[in-house]
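There are 2 protein chains.
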Amino acid sequence: MHAEWPVYENPWVDVLMADVELGDGTRFDHHIVRTRNAASCVVTRVRDGREEVLLLWRHRFAIDKWVWEIPSGLIEEGEDPAETARREVEEETGWRVAEVTPLLAFHPVGGMLRAEYRLFRARDAEYVGEPTEQNEAEKVAWVPLSEVPGLIDSGQIATAASLVGLLRVLAEQK
Amino acid sequence: MHAEWPVYENPWVDVLMADVELGDGTRFDHHIVRTRNAASCVVTRVRDGREEVLLLWRHRFAIDKWVWEIPSGLIEEGEDPAETARREVEEETGWRVAEVTPLLAFHPVGGMLRAEYRLFRARDAEYVGEPTEQNEAEKVAWVPLSEVPGLIDSGQIATAASLVGLLRVLAEQK
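Sequence order for the protein chains is A and B. Taking this note's numbering, I'd label the letters of the first sequence as residues 1 to 174. Taking this note's numbering, I'd label the letters of the second sequence as residues 1 to 174.
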C-alpha cells in the first residue's frame, strides 16, 4: 500500500481511499472503511444440568432484522477490551460477570473494513437488576446452548460476532 | 426508521445516515454503511482418510495481515450467489467444484453494515489449472480440517466469513 487518504470522515465511520500495488505490479485505488473496535462476550451458566447462554433479542435496523445476539458494544477510547465486554454484559442484560477470558479476535470484513472485534468468554453471572441500556433489547434470556445450532440454521442468529463466538464455544465442546 | 439518505456514494461503498426512533421515543441519526454482498465456499475433500479444506493464504491490506481464507468474492449484479461461490472457487484456486449447497447467511456487522454474506459448502473438487485470479493469494492449499482450530487460536484464520464457515463445519461434526 503506497498511501491512503480520507474521502469521508466522522467520529463513527471513516471512508479511506488506498493506493495499492499487487505483487505483479498491478496498481489501483481501493476503498477502506474504518469503524470503531468492539468487544462481545459469550456468557454461559449451567442450570439443572444443562448449559445455557445469555442472549439478547433485538432489532437491527441497518439490516432490518430481529436477531439473537451476545452482549456487545464499542470499545471506548483507552478502555481495556475485557472491561468493555464486562460493562456491556451488565448494561445490556442486568447480569454481572466476575471475570472474562479472551476467546478470539476477528475482522468482520477482511477485504475492506478496518476494525477488530474482540470476543470474550465468561462463566456464571449474578443478577444485579434491570439493564441500564433499556433500548438495547426487546428481551434478555438464558437460552439452552443445545438450541443454538437450530437458531443459526433458522437465521435467528445471523450477525458475525455472535456466530463466531457461539460457534467457537460449540466447536470446543467436541 | 423514519428515513435514510446518502452522505457518501460510490459503486463499492455507500455511507447512509438514518433517522431512527427507539421504542421509548428516543430519536437520533445513525450511520449505515452499505457494501456489496458476497459469497464464500467451504470446500472439503477426504484424502488418506483425513478431511481437508481448500484455503488461500493471502494478505489483506485493509487490516495489514496475512490470513488463511476460504474462497470468496462479490456477487455480481444478477448473479446467483451459488454461482458466485462456484466461480470464485475456480478463479481463486484453480479447483472446480461440481455442486455447492447453502451453509448459512450472515451479516458482518449487524449494527451498522448493510451487506449479506452467503456461505456455501462443497465436497470434492477437480483440478483444472492455475487460478485465473493470480493476485488473489500467495498460495492455495488443502489444509487438514483438524488443524483449523489451531489456526483460529493463533490468529491465522481471522476474518468473519472464513471463521463462520469453518466453525459451522467443525460444529456440525459433533
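Glycine included, every Cβ here is placed at the ideal spot set by N, Cα and C.
Ignore the nearest five residues each way along the sequence and tell me which others in B/VAL164's own chain have a CB closer than 6 Å to its CB.
In the second sequence, counting from the first residue as 1, residue 164 of chain B sits at position 164. Counting only Cβ-Cβ distances below 6 Å, and skipping sequence neighbours, we find PHE106.
Of all the residues that make up the segment 107-129 of chain A, which are near chain E by a beta-carbon distance shorter than 7 Å?
Looking at the structure shown, chain E is missing, and the protein chains on hand are A and B.
Cα separation between A/LEU151 and A/ASP14?
Taking the first sequence and counting its residues from 1, the one referred to as residue 151 of chain A is at position 151. Taking the first sequence and counting its residues from 1, the one referred to as residue 14 of chain A is at position 14. So the two alpha carbons sit approximately 33 Å from each other.
Looking at the secondary structure, which residues open and close the beta strand (DSSP E) in which A/LEU119 lies?
For the purposes of this step, residue 119 of chain A is taken as the residue at position 119 of the first sequence. From DSSP, the beta strand (DSSP E) with A/LEU119 extends over 117-123.
Count the other CB atoms within 10 Å of the CB of A/GLU69; is the residue buried (16 or more) or exposed (fewer)?
Your numbering for residue 69 of chain A matches position 69 in the first sequence. It is buried - the Cβ of A/GLU69 has at least 16 other Cβ atoms within 10 Å.
Beta-carbon separation of B/ARG121 and B/VAL169 under 8 Å?
Translated into positions along the second sequence, residue 121 of chain B becomes position 121. Translated into positions along the second sequence, residue 169 of chain B becomes position 169. Closer than 8 Å, so yes.
Whether or not the segment 110-120 of chain B and the segment 36-49 of chain B are in contact is what I'm after, with contact meaning three or more pairs of Cβ atoms, one per stretch, closer than 8 Å; do they touch?
yes
Listed from N- to C-terminal order along the chain, which residues in the segment 45-61 of chain A have their beta-carbon within a distance smaller than 7 Å of any beta-carbon of chain B?
ARG60 and PHE61
The segment 61-78 of chain B touching the segment 59-73 of chain A, judged by at least three CB pairs closer than 8 Å:
no
Touching by the beta-carbon criterion (3+ pairs, under 8 Å), the segment 92-101 of chain B and the segment 122-134 of chain B
yes
Where does A/GLU204 sit, in a helix, a strand or coil, going by DSSP?
Since the first residue of chain A shown is 1 and the last is 174, residue 204 of chain A is not available in this structure.
Taking only the alpha-carbon atoms, compute the straight-line gap between B/GLU4 and B/LEU16 and give it to the nearest angstrom.
One-based indexing of the second sequence puts residue 4 of chain B at position 4. One-based indexing of the second sequence puts residue 16 of chain B at position 16. When rounded, the distance between both Cα atoms is 6 Å.
If you reduce the DSSP assignment to three classes, tell me which class A/GLY73 lands in.
The sequence position of residue 73 of chain A within the first sequence is 73, counting from 1. Reduced to three states, the DSSP call for A/GLY73 is strand.
Mind reading off the beta-carbon distance from A/TRP57 to A/GLU138? Whole number of angstroms is fine, and I expect it under 8 Å.
Here residue 57 of chain A refers to the residue found at position 57 of the first sequence. Here residue 138 of chain A refers to the residue found at position 138 of the first sequence. Between A/GLU138 and A/TRP57 the Cβ distance is about 5 Å, and since that is below 8 Å, they are a contact.
Over what stretch of residues does the alpha helix (DSSP H) that includes B/ALA161 continue unbroken?
Taking the second sequence and counting its residues from 1, one reaches residue 161 of chain B at position 161. Looking at the DSSP string, the run of the alpha helix (DSSP H) that includes B/ALA161 is 160-172.
Using the DSSP secondary-structure output, state which residues sit across from B/ASP19 in a beta bridge.
Within the second sequence, numbered from 1, the residue matching residue 19 of chain B stands at position 19. B/ASP19 pairs with B/ALA3 and B/ASP29.
Could you tell me whether any Cβ in chain A is nearer than 8 Å to the Cβ of B/ASN37?
Counting from one through the second sequence, the residue named residue 37 of chain B turns up at place 37. B/ASN37 does not count as touching chain A.
Would you please state the rounded distance, in angstroms, between the beta carbons of B/GLY53 and B/VAL42? I believe it to be under 8 Å.
Numbered from 1 along the second sequence, position 53 holds the residue referred to as residue 53 of chain B. Numbered from 1 along the second sequence, position 42 holds the residue referred to as residue 42 of chain B. Correcting the residue identity first, residue 53 of chain B is Val in this sequence and not Gly. With a Cβ gap of about 6 Å, B/VAL53 and B/VAL42 count as contacting.
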